[in-house]
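Notes for the one structure printed next.
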Amino acid sequence: MTGIRPYADHEDDGIVQVSFTLPLPRGGASRTGALDVARRMGLASGEVVHQTELTAGYTYVVLYGRFEGRIDPYVREGLHRESMSQEEIDVFVAAELGRPIVVVGASTGSDTHSIGIDAMLNVKGFDGDHGLEGYRSFEVHNLGSQIDNADLLAQALEISADAIVVSQTVTQQDLHVHNLTELCEMVEAQGIRSDTVLVCGGPRISEELAKELGYDAGFSKGTRPADLATYLAREMAARAAVQARSEGG
Amino acid sequence: MLLSELEGQGQHLGLISIGYDGERTDSLNPLILKPPIRCPAGTLVATTDTLVRRSKAASETLVDTGLRTPLGTVSIFRLMSPAEIEVAGPSSASGAQEAAAAMLELGAERVIVDGSIDRRATAAPEMAEAVITSTGAVLGSSEEEVAAITEKAIELSTLPVLDDRRLRDRLNLGEGCCLLVGPDGAKPLPPTLPLTASTRDLREAGAFEGGRDAAFYVPGSVPESFLAALIPLVTPGPLKVVAENPTRIFLRERSPRWYGERGVRLEVLNRAEVRAISVNPVAPLSHELDSPALREAISCRCPGLPVFDVAAPDYSAPA
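Just so you know, the sequences run in chain order A and B. Just so you know, we're using my numbering here: the first sequence kicks off at 1 and counts up by one. Just so you know, we're using my numbering here: the second sequence kicks off at 1001 and counts up by one.
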């Protein structure tokens, strides 16, 4: 038997908890409907353990069910290895590069949300973790939200940015995908793709999606500024090492 | 399908994906199941060590490219037996070009580069000798709507090549510099001008002075905002915008023809070699179009290009 499955009470029991809202009044219909959802999700032995009527005609349901499959986890060569501290990053960048890493960032297209990019780049950061502006090892240009890809690229050219960091929060009709791929293609067209670290972040961004869209890295919910800073520091150091090797013949 | 057909011809193949292919579910929507990629023995594949191990394919590592991606560092493997494999190669066009060159060096007779969502850089003529454009029901709810969007993409890919030798000479090729070319010669412009310019900026740059012979040469990105800003400056004659190749032109709203009708004529120094169109009449978890009707609609709008649906019952491999 290979692979693993979730567990609740004892290892390998496969029990998962799912919560959702049904547009039904609390009662037998909401219970039956919830069990039907569980069945169609492929969960065995569905059991409704909680029901609350949120407002007239809408019921919030919590149910347990058993996931009978197994997943085959694999450990990748991680982009997201253990992060360094701010001080470690500043020392690392000074030693490896001898200059600050120039970063330009924005929320692009029609995305009005600047929370993600501000949390990563602005000095106040997120949950007690300074944004990249607070590091000695980064020169940060945060353009804010609703920035056109062309304007972001122009700014990257003006300041000779080492890295472009894009946040995409709006996800209706997968609009973020088109914004993200367009930026990647514009960077390619401008002839600076090899010299630029391209990073995207947002609630629906995964490493797999970042790869699909042509980015060097993708960060999702739960990312702290130190995670991003660590990635950029290591990636820039790796590129510098490759360049040094090629120059050394 | 392409892999099995080329295998049938006995060709040694190389396979690169600039995105991520062969995975079990779609990166955007995990409810969408994706077909596996089956490679014949001997195929050279650019992917990551982890994905090869995960596929349990018997393989040998030939080259560590050193190219890093979100899914790991890319190496070139030779498959020792037929295998289903997940392919995540270099993400950039230059990386794909590097990997393709290495595969040809290692004995591949043909290298297939699988594209990704809206990604066009690897279709550039310096990268690909031949391009298959993929389209399908995911773009629209009717055969005619999908055909119209496809026509726009093909129109862009097959823009006319600049054949005015005098103008070509004036472009001072090789300098990689953005130029405004008029009767009096070529004037260098800031590289960021096409990215940010308003009509006023362009007027100040002298765009209106060139008259009928005026042309912009933009070696980098040509955004739609640049073309729109040029429209008020076309009097008395058309303005020509010359791009390096079609993959550098970014049109979201309008077609090249629409701009041409308003006096902004798009030309390229090198065109993409589009040889065929493949269609998928199924939009996963949404709707399905009629495959013959879709192919017919696209053929009418894109004459001269063969249109294939490799999953259709009437599909047969081209000779």
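For glycine and all other residues, C-beta sits at the position ideal for the given N, C-alpha and C. Owing to the predicted nature of the structure, the values given are computational and were not obtained by experimental measurement.
(request) Output, in chain order, the set of chain A residues within a Cβ distance shorter than 7 angstroms of Pro1191(B). (result) Leu157
(message) Helix, strand or coil, according to DSSP, for Ala1128(B) in the structure here?
(response) coil
(request) Pick out whichever of Gly1095(B), Leu1156(B), Ala1276(B), Glu1288(B) has its Cα sitting closest to the Cα of Pro1246(B). (result) Leu1156(B)
(message) Is it the case that the segment 25–34 of chain A contacts the segment 49–65 of chain A, given that we only count it when at least three CB pairs across the two stretches are under 8 angstroms?
(response) yes
(message) According to DSSP, Gln51(A) sits in a beta bridge with which residue or residues?
(response) Val61(A)
(request) Please name the residue in Gln190(A), Gly116(A), Leu232(A) whose C-alpha comes closest to that of Ala1093(B). (result) Gln190(A)
(message) On the DSSP letters alone, give me the boundaries of the alpha helix (DSSP H) that Tyr1259(B) sits inside.
(response) 1256–1261
(request) Kindly indicate the opening and closing residues of the alpha helix (DSSP H) around Gln243(A). (result) 225–247
(message) So if I threshold CB-CB distances at 8 angstroms, which residues from the segment 1025–1057 of chain B count as touching chain A?
(response) Ser1027, Leu1028, Thr1048, Asp1049, Thr1050, Arg1053, Arg1054
(request) Determine the direct distance from the alpha carbon of Glu1244(B) to that of Gly1174(B), and round the result to whole angstroms. (result) For Gly1174(B), the predicted structure reports a pLDDT of 49, less than 50, and the residue's modelled location is therefore unreliable. A value from the coordinates is still provided. Rounded to the nearest angstrom, the two C-alpha atoms are 11 angstroms apart.
(message) Short of 6 angstroms in beta carbon distance, which residues of its chain neighbour Leu1067(B), apart from the five on each side in sequence? Order them along the chain.
(response) Val1074, Pro1090, Gly1095
(request) For chain B, find out if any of its Cβ atoms is closer than 9 angstroms to the Cβ of Ser194(A); answer yes or no. (result) yes
(request) Show which residues of chain B have a CB atom less than 9 angstroms away from the CB atom of Met186(A). (result) Leu1195, Gly1220, Ser1221, Pro1223, Arg1248, Phe1250
(request) Answer yes or no: does any C-beta atom of chain A fall closer than 9 angstroms to that of Thr1061(B)? (result) no
(request) Could you have a look at Leu1044(B) and say whether DSSP puts it in helix, strand or coil? (result) strand
(message) Can you tell me whether Ile1231(B) is buried or exposed? The criterion is at least 16 other CB atoms within 10 Å of its CB, across all chains shown.
(response) exposed
(request) Could you tell me the boundaries of the beta strand (DSSP E) in which Ala1276(B) lies? (result) 1274–1280
(request) Put Leu1180(B) into one of helix, strand or coil per three-state DSSP. (result) strand
(message) Please report whether the beta-carbon of Ile1117(B) lies at a distance below 9 angstroms from any beta-carbon of chain A.
(response) yes
(message) Within a Cβ cutoff of 7 angstroms, which residues of the same chain sit near Leu63(A), ignoring the five residues on either side of it in sequence?
(response) Val18, Ala34, Ala38, Gly46, Glu47, Val48, Val49
(request) Go through its chain and collect everything with a Cβ distance to Pro1055(B)'s Cβ below 7 angstroms, but skip five positions before and after it. (result) Note on residue identity: the sequence assigns Ser, not Pro, to residue 1055(B). Closer than 7 angstroms at Cβ, skipping near neighbours: Ala1083, Glu1084, Ile1085, Glu1086.
(request) Check the Cβ of Val242(A) against every Cβ in chain B and list those closer than 9 angstroms, keeping chain order. (result) Gly1066
(message) Helix, strand or coil for Glu1060(B)? Go by DSSP, reduced to three states.
(response) strand
(message) By the three-class DSSP mapping on this structure, what secondary structure does His178(A) have?
(response) helix
(message) I'd like to know whether the C-beta atoms of Leu1062(B) and Ile1037(B) end up nearer to each other than 9 angstroms.
(response) no
(request) Just the C-alpha distance for Gly14(A) and Met41(A), rounded to the nearest angstrom, thanks. (result) 14 angstroms
(request) In the DSSP assignment, find the unbroken beta strand (DSSP E) run with Lys1187(B) in it and report its ends. (result) 1185–1189
(message) Looking at chain C, is there any beta carbon in it that lies within less than 9 angstroms of the beta carbon of Tyr1259(B)?
(response) Absence of chain C from the displayed structure is noted, the protein chains being A and B.
(request) Quick one: give me the first and last residue of the beta strand (DSSP E) that Asp1114(B) is part of. (result) 1110–1114
(message) If distances are taken between C-alpha atoms only, which option among Leu198(A), Pro203(A), Asp36(A) comes closest to His176(A)?
(response) Pro203(A)
(message) Between which residues of its own chain and Pro1306(B) is the CB-CB distance below 6 angstroms, once the five residues before and five after are set aside?
(response) Ala1276
(message) In the DSSP assignment, the beta strand (DSSP E) including Ile101(A) goes from what residue to what residue?
(response) 101–107
(request) Note down, in chain order, all residues in the segment 1069–1094 of chain B with a beta-carbon under 9 angstroms from any beta-carbon belonging to chain A. (result) Thr1069, Pro1070, Leu1071, Gly1072, Thr1073, Ala1088, Ser1091, Ser1092, Ala1093, Ser1094
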